[in-house]
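In my numbering, the protein residues as written are 522 to 981. Built from N, CA and C at the ideal position, the CB exists for glycine as well.
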Amino acid sequence: MALWGGRFVHESHELFKEFNASLPFDCILLEEDIIASIAWSKTLMKSDILTKDEQIKIESALLVLLEESKDNIKNILLSNCEDIHSWVEKKLIDKIGILGKKLHTGRSRNDQITTDLKLWCRKKIYILLENINNLQKHFILSAESYHNIIMPGYTHLQRAQPITFSYWCLAYVEMLKRDASRLKDLLKRLNISPLGSGALSGTAWKIDREDLALSMGFDSATNNALDSVSDRDYIVELLSSASISMMHLSRFSEDLIFFNSGEANFIELSDSITSGSSLMPQKKNPDALELIRAKCGRVHGSLISILIVLKSLPLSYNKDMQEDKEGLFDSIKTWNDCLCIAILVLKSIKIKHESCRKAAEEGYSNATEIADYLVKKGMTFREAHNISGQLVLRAISEKKSLNNLELSTFKIYSNLIDDDIYKNITLESCLEKRLSKGGVAPFQVYEEIIKAKKRLKMFS
Ligand code: ARG
522 MALWGGRFVH ESHELFKEFN ASLPFDCILL EEDIIASIAW SKTLMKSDIL TKDEQIKIES
582 ALLVLLEESK DNIKNILLSN CEDIHSWVEK KLIDKIGILG KKLHTGRSRN DQITTDLKLW
642 CRKKIYILLE NINNLQKHFI LSAESYHNII MPGYTHLQRA QPITFSYWCL AYVEMLKRDA
702 SRLKDLLKRL NISPLGSGAL SGTAWKIDRE DLALSMGFDS ATNNALDSVS DRDYIVELLS
762 SASISMMHLS RFSEDLIFFN SGEANFIELS DSITSGSSLM PQKKNPDALE LIRAKCGRVH
822 GSLISILIVL KSLPLSYNKD MQEDKEGLFD SIKTWNDCLC IAILVLKSIK IKHESCRKAA
882 EEGYSNATEI ADYLVKKGMT FREAHNISGQ LVLRAISEKK SLNNLELSTF KIYSNLIDDD
942 IYKNITLESC LEKRLSKGGV APFQVYEEII KAKKRLKMFS
C-alpha cells in the first residue's frame, strides 16, 4: 500500500502509478535519505518521541539497509514503491516491524525530499570543486610545458595579436576559478536545513531544528517552513553554475577543435581521445571535444526546464517539483564527466610550435605594434592606425609579412619610421611589451603560473 493509502478506496491505475513514481530516478538519494532519517530519529529521541532503545534499533536497521543496498541500487527498482522515501520506510518496517512506523512522526516527504536533495547537491559540489581544481592544475601544467609557444590570438576568428599557448591556458584557469567561486558562493545559501518544516507550516512536535541542522552538517535551519518546502533556488543556482561552466568548456572544446583542424594545424590530439571514420581512413576526429561542446546543450536545457517548472508555481509543494530531479542528476553527471574528459584531452595534446609561430607571423598580427611605434614617435593613434593599415595592404600586395617590408617601403608611408621598426615588430617584442596587468608578456605569464600554483597548492 502507498504511504497515503488510508484515505483511498480504489487502487491507483497502473499507468498512473508508473507516471507518478519517482523511484526510478530518486533511488540515487538512498544514502541521503538514510542519513537524514537517522538524524531525524535522533531528534525524535531528544524530544522523547522515541526511546533511546527505539532510536538505536531504527538507526542500526537503517545502516544495515544502506549497507545492503548502496551497491545494488538496481534491486531497489524491483519494488513498486512510489519514491525512495516510501522504499526506505517500507524496508525499515520489514526489518523492525511496527517500530519502523514511528519514524515518520512530525515529518513530511515535502521537507524530506528537499533535505535529501540539499545533502546530495552538497556532496556533488565538493566533487565538482575537486574536479574544477584538477582541471585548473592541468591547464597550469600545460601552460608551464608550453611556455614559449607563440600563436595567433583571435578576434572574430581573424588573427588579431600574438599570444602564447600558456596565456591561452591561463584564460581558462580564470574561467574555472570563477566557476569554483560560484559553487562556493551558492553553497552558503544551500547549506541551510529544511528538515522539520513538515508539510508546509512547521511541525507541531517540540523539536530543536537548529540542533538537527547542525547534526547533518548544515550551518543552520531555515526560517520559514512554507518557503523551505517550496524552495528549489539551490537547484536553479547549481544548474546555472553548471550552465556557465559548461559554456566555458564548450568554448575550450571549440578552440581546440579549431586548433586541431587541418586549416589551423596548431595541435595534434592523441589517439586516446579521438576516433576514426568508418569510410575515410585518413580521418582522426575530435569526438571527445565535440561531445563536450554538444553536452553543454543538455545542461542549459535542464536549467531552462527547472526555471519553467518553478515559474508561477503556487506555494508550497506541488508534484511539479518532482520534475526537478532528472535534469539535475543528469547535468551534474554531465558536468563532472566533461571536466574529467577535458583533463584527458589536455594531458594528451601535442603542440606544433612551428605552425603556431608561422600563423602568428603570417597573420599581420603585429600591425598594432606599427601603430604603437608611430604613436611613440609623436603621431596620433588614429593617424598611426591608418598608416599601419596601409602598410598591411602593401604587405599583402607584395605577399610579404610586415617584418619583411623594405625600410624604403616603410618610409613611403611615414618618415617617422626608422631602422628600429624591425626590432619593434618582432613577435617577441609584441609579447614582451604587454606588461600591464593581465597582458601577455611572458614574464607576467610566468608570474601568474607561480601564483596559480600556490593557490592550488601545487608545490610539494
Ligand atoms: N517524490 C516526491 C518528489 O520528488 C517526494 C515528495 C512527495 N511529496 C508529496 N506531497 N507527494 O517531489
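Residue i - partner residues in DSSP beta bridges
| i | result |
| --- | --- |
| residue 675 | 680 |
| residue 685 | 671 |
| residue 742 | 714 |
| residue 593 | In the DSSP output, where bridge partners are listed per residue, residue 593 has none listed. |
| residue 796 | 806 |
| residue 871 | 789 |
Status (buried if at least 16 other CB within 10 Å, exposed otherwise) for residue i
| i | result |
| --- | --- |
| residue 728 | buried |
| residue 895 | buried |
| residue 630 | buried |
| residue 865 | exposed |
| residue 559 | buried |
| residue 965 | buried |
| residue 901 | exposed |
| residue 949 | exposed |
| residue 540 | exposed |
| residue 712 | buried |
| residue 600 | exposed |
| residue 553 | buried |
| residue 890 | buried |
| residue 877 | buried |
C-alpha gap between residue i and residue j, whole angstroms
| i | j | result |
| --- | --- | --- |
| residue 707 | residue 655 | 20 Å |
| residue 885 | residue 955 | 17 Å |
| residue 645 | residue 529 | 39 Å |
| residue 677 | residue 683 | 15 Å |
| residue 594 | residue 580 | 20 Å |
| residue 556 | residue 737 | 8 Å |
| residue 765 | residue 633 | 29 Å |
| residue 819 | residue 653 | 19 Å |
| residue 564 | residue 979 | 43 Å |
| residue 687 | residue 959 | 13 Å |
| residue 562 | residue 570 | 9 Å |
| residue 845 | residue 768 | 21 Å |
| residue 642 | residue 577 | 28 Å |
| residue 777 | residue 755 | 33 Å |
| residue 930 | residue 881 | 22 Å |
| residue 620 | residue 614 | 7 Å |
| residue 871 | residue 611 | 56 Å |
| residue 617 | residue 523 | 19 Å |
Near the ligand ARG: residue i beta-carbon under 6 Å from a heavy atom
| i | result |
| --- | --- |
| residue 604 | yes |
| residue 643 | no |
| residue 528 | no |
| residue 756 | no |
| residue 761 | no |
| residue 630 | yes |
| residue 679 | no |
| residue 722 | no |
| residue 634 | yes |
| residue 672 | no |
| residue 543 | yes |
| residue 842 | yes |
Selected residue, minimal CA-CA separation from residue i, among the options
| i | options | result |
| --- | --- | --- |
| residue 972 | 695, 593 and 639 | 695 |
| residue 788 | 547, 905 and 670 | 670 |
| residue 626 | 592, 726, 673 and 781 | 726 |
| residue 761 | 547, 869 and 849 | 849 |
| residue 714 | 861, 628, 640 and 611 | 640 |
| residue 758 | 731, 853 and 808 | 853 |
| residue 568 | 732, 922, 720 and 675 | 732 |
| residue 549 | 794, 831, 851 and 537 | 851 |
7 Å Cβ cutoff, residue i in contact with chain B
| i | result |
| --- | --- |
| residue 966 | No chain B appears in the structure shown, which is made up of a single protein chain. |
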